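Encoded as C-alpha cells, the structure appears first; notes follow it.
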Amino acid sequence: MAIPHTVANLVDRASNSASSVAATDRASVAPLSPAPVEAGGARMLACSSSGGGSASPGPSVRSLQAKLIQARKRNELLQNIEKGVDEYGYPLCEFRKGFLDHYKPRGMVISTIRVALQQSVTILANFMGEQLELDLKRNQRVNEGQITQMEADLEADEWEKLEWDKRWTTFPNKFVTALVKYHSVTLILRFYEYLAAKLVDMHKLNKLTVDPFAMARRMSSRIEAKSPPGKTETVRDHKLSVTASMTTTTLWANLLPFCADYSLHQALLCYAYFRYYSYQRQRRLLAASPSSEDDDEDTANGASTLITEDDRELARDLGQKSLRLATNRGVGLVCSAVGAGVGTVVWPGWGTIVFSALGDATGGMITDDGYFKAKQSLEEKRAKDEARDDSISRQVQ
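The sequence shown begins at 1 in full-length UniProt numbering and counts up by one.
Okay, here's the thing in C-alpha cells:
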C-alpha cells in the first residue's frame with residue numbers, strides 16, 4: 001500500500017528538484033548555433049607500427065608512444081581553447097546564458113509553461129496515488145465484510161469530488177512558489193557562473209555550463225556516424241563508456257545549479273531559525289521578568305542561563321539541519337549524474353533529463369529534505385515552547 005504514496009512522493013520531488021530547475025533554465029533560452037563537428041583524419045605517430053604483420057613494439061616504444069599521445073592531446077586542448085572550440089569543433093561556452101536572459105519573452109513563456117506543467121503533474125500524481133491507496137484499503141474492507149461494494153463506491157465518489165476541488169485550489173499557491181523559486185535559483189546560478197568565469201579557464205567553464213540534453217544527442221550522433229559499414233551502432237552498444245561519459249558530463253553541468261539550489265534553501269533555513277530565535281528570546285525575557293525589586297538579580301541570572309542554554313541547543317539544531325541539507329544536495333548531485341548516464345543509454349536526450357530528475361528525487365528521498373523537515377520541526381517546537389513558557393513564568397513569579 002506504500003507503493004502509490006512512494007511513487008507520488010518521487011514525482012513530487014522530481015518536479016521540484018534542482019535538476020528540473022536547471023533543465024527548465026537550459027530549455028528556456030536558445031543557445032548559440034552549434035558549429036559542425038570537424039571530422040579529423042586518422043593520425044599516425046612516427047614510432048607507431050604500420051604493417052599488419054610487423055612485430056609488436058617493445059616497452060620503451062610503447063612508453064614513448066604514450067608520452068607522445070599525452071603531449072599531442074595537451075597541445076590540441078590548448079589550441080582548441082585558443083580557437084574557442086572544444087575537441088569536436090563546437091564553440092566553448094555555447095550554452096552559457098546572459099545574466100537576465102531568462103527574463104526575455106521566450107524564456108519567460110517557456111519557464112512559466114514548464115513550471116505550470118510540473119506542478120499540475122505533481123497534483124495529479126499525488127491525487128492518483130492517494131486514490132489508489134484508499135481504493136486498496138476499501139477493497140480490503142469489502143473483502144472482510146466491514147462494508148458493501150456499493151458503500152465503498154459511494155465513499156470513493158464522495159472522496160474524489162471533495163479532494164479533486166480541494167487539491168486544485170492549492171495550484172495557484174504552488175505555481176507561484178515554484179516560479180519564484182525557479183527565478184531565485186536562476187539568479188543565484190547566474191552569479192555563480194559570473195564568478196566561475198573570473199576564476200577558471202574557458203575549458204572548465206564550458207564543462208560547468210554545458211547542456212546534458214544536447215551532449216547526449218551529440219554523443220548518440222557521433223556513435224552512429226562512426227559505425228562500421230553495414231552496421232549502425234547506437235549508445236546501447238557502448239553502455240559503459242556512454243554511462244561513464246554522461247555521468248561525468250552531468251556531474252560538472254549540474255554542479256553550479258545544485259550549489260545555487262543549496263544556497264537558496266540554506267538562506268531560507270537560516271532565516272527561519274533567526275525568526276524562531278528572535279521569537280524564543282523575546283518569550284524568555286518576558287517570562288523571566290521580575291515581579292519585584294528583590295528578585296532582580298536572581299531573575300536576571302535565571303533568564304541569562306535559560307537563554308544561553310536555548311541558544312546553544314538552537315545553534316546545534318541549525319548545524320545538524322544545515323549538514324543534512326548539504327548532504328541532501330550532495331547525494332542528489334551524484335544520483336542525478338548517475339541517473340543521466342543511465343538515461344542516456346535508455347533514450348539519449350529526454351531519457352537523460354528524466355532519469356536525472358528521478359535520480360535527484362531518489363537522493364532526496366534517501367537523505368530527506370532538510371529545509372522542509374526543519375520548518376515542520378520548528379513549528380512543532382514553537383507550539384511546545386508556548387506551553388513551556390507559561391510554566392516558567394509562573395515559577396519565576
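Glycine residues also receive a C-beta, built at the ideal position from the N, C-alpha and C atoms.
Quick caveat, the model's predicted, so the values are computed rather than measured.
| Asked | Found |
| --- | --- |
| Looking only at its own chain, which residues have a Cβ that is under 6 Å from the Cβ of residue 12, when we skip the five neighbours before and after it? | 122 |
| What's the C-alpha gap between residue 188 and residue 215? | 24 Å |
| Mind checking who residue 85 pairs with in its DSSP beta bridge? | 91 |
| In this structure, does DSSP put residue 71 in helix, strand or coil? | helix |
| Residue 21 lies in the alpha helix (DSSP H); which residues open and close that run? | 18 to 28 |
| To which residues of the same chain is residue 367 closer than 6 Å at the C-beta, ignoring the five residues directly before and after it? | 327, 328 and 331 |
| In three-state DSSP terms, what is residue 53? | No answer about residue 53 holds up, because its pLDDT of 45 lies below 50 and its placement is not dependable. |
| Distance check for residue 173 and residue 242, CA to CA, integer angstroms please. | 41 Å |
| Say whether the region 13 to 20 touches the region 114 to 130, bearing in mind that this needs 3 or more beta-carbon pairs closer than 8 Å, one atom from each stretch. | yes |
| So, helix, strand or coil for residue 123, using DSSP? | helix |
| Return yes when the Cβ of residue 322 is within less than 8 Å of the Cβ of residue 269, no when it is not. | yes |
| DSSP three-state call for residue 431: helix, strand or coil? | With the chain represented from 1 up to 397, any question about residue 431 goes unanswered, as that position is not in the structure. |
| Whole-angstrom Cβ separation of residue 22 and residue 257, contact assumed at under 8 Å? | 4 Å |
| Would you say the region 195 to 214 touches the region 84 to 99, given that touching needs at least three Cβ pairs under 8 Å? | yes |
| Does the beta-carbon of residue 194 have 16 or more other beta-carbons within 10 angstroms, so that it is buried, or is it exposed? | exposed |
| Thinking C-alpha only, which one of 66, 217 and 382 is nearest residue 352? | 217 |
| Within 10 angstroms of the Cβ of residue 399, are there 16 or more other Cβ atoms? Answer buried if so, exposed if not. | Only positions 1 to 397 of the chain appear in the structure, and residue 399 is not among them; the question remains open. |
| Work out the CA separation of residue 136 and residue 144 for me, nearest whole Å. | 12 Å |
| Looking at C-alpha atoms only, which residue of 69, 128, 183 and 262 is the closest neighbour of residue 24? | 183 |
| Can you give me the Cβ contacts of residue 422 inside the same chain, cut-off strictly under 6 Å, excluding the 5 residues immediately before and after it? | Because the chain in this structure spans residues 1 to 397, residue 422 falls outside the shown range and cannot be described. |
| May I ask which residues mark the beginning and end of the alpha helix (DSSP H) holding residue 183? | 171 to 199 |
| Three-state secondary structure (DSSP) at residue 97? | coil |
| Between the region 147 to 165 and the region 228 to 236, do at least 3 Cβ pairs fall closer than 8 Å? | no |
| Count the other C-beta atoms from every protein chain shown that fall within 10 angstroms of the C-beta of residue 63, then say buried if there are 16 or more, exposed otherwise. | exposed |
| With H, G and I counted as helix, E and B as strand and the rest as coil, what does DSSP make of residue 384? | helix |
| Along the alpha helix (DSSP H) that carries residue 168, what are the first and last residues, could you check? | 149 to 168 |
| When you compare only the Cα positions, how much space is there between residue 312 and residue 274? | 13 Å |
| Any idea what DSSP makes of residue 350, helix, strand or coil? | helix |
| Tell me which residues share the same chain as residue 261 and place their Cβ nearer than 6 Å to its Cβ, disregarding the 5 neighbours each side in the sequence. | 18 and 185 |
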